[in-house]
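One gets my numbering by counting positions in the sequence shown from 1 and adding 29 to each. Each residue gets a CB set at the ideal place from its N, CA and C atoms; glycine is no exception. Okay, so here's the structure we're looking at.
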Amino acid sequence: MIVAKRKPFEEIKEMLKGYKKVLNVGCGTCVSVCLAGGEKEVAILNAELDMARNLEDDPIEIHGQTVERQCDREYLAELDDIIKKEKFDALMSMACGVGIQFLAERFPDIPTFPGVDTTGLAVNQAVGWYEERCRSCSQCVLGITGGICPITMCAKGLFNGPCGGTNKGNCEISADQPCAWFKIHERLAAQGRLSSIRKINLARGWKDQIPRNLIQPGYKKPEKVS
Ligand code: SF4
Ligand code: SF4
């Protein structure tokens, strides 16, 4: 899932300075699960903003609405009527970076501000503990690394490891940090597949450095959507 955390209150307050009527839009999926930007977090932030602006004698009319997913047009469309009718000065999005951009794109005439900082793609290890596992690199190597991602799990993101800093199973950056390549070696050895990391992996193109599009093969041409 995508993990995010709410921005510091002072930063949010500063962004909304001068705006009098704002719609704060929550997202009911990933950010809701990690308690950053769901319906409850929208209500809490709105109450805080309302109180702070009243104390400063600069009241704000702040509304809240949470949609199922902000990264999906179908759900964003639910906001069309309310945004048209209420004439907000600004929008705040508590979705991940993708949802924030999609909201801003749908309502380009209204300034849109982020209410959260998007942290990454992570697994839920325990209650409230999210561990990053993927950086969407576009050239997944999990097939040769025993299902362990060397980009997120190795401190240097090495495609060929371990480096000289590996130390009895731990990474040189910390005794508490397992060495990803030690783990990769252990897993592949147990599977009898060490040959898959014996050859040198060539340098990658780092395709995650540019905006990308993914078109599922079933859809020959992406449908034009508005
Ligand atoms: S190799 Fe790339 S796509 Fe695969 S898990 Fe790691 S970051 Fe994600
Ligand atoms: S010690 Fe292991 S995890 Fe740390 S940087 Fe080197 S190869 Fe990567």
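- For Gln130, the enclosing alpha helix (DSSP H) stretches over residues 126 to 135.
- Note on geometry: alpha-carbon atoms of Lys116 and Leu171 lie some 48 Å from one another.
- For Ala81, the shortest separation between its Cβ and any heavy atom of ligand 2 does not lie below 7 Å.
- Taking Thr195 as the centre and dropping the five residues before and after it, the same chain places the C-beta of Cys208, Phe211 closer than 6 Å to its C-beta, in chain order.
- Each of Arg162, Cys163, Arg164, Ser165, Cys166, Ser167, Gln168, Cys169, Val170, Leu171, Cys178, Pro179, Ile180, Thr181 has a C-beta closer than 7 Å to some heavy atom of ligand 1; these make up the full list, in chain order.
- Under DSSP, Val152 takes part in a beta bridge, and its partners are Glu160.
- Counting of Cβ neighbours within 10 angstroms places Met80 among the exposed residues, the total staying below 16.
- Here Lys36 is buried. Its C-beta has 16 or more other C-beta atoms within 10 Å.
- DSSP places Glu77 in no beta strand (DSSP E) but in the uninterrupted alpha helix (DSSP H) bounded by 68 to 84.
- Using a cutoff of 7 Å, the CB of Gly128 does not count as near ligand 2, since none of the ligand's heavy atoms is closer than that.
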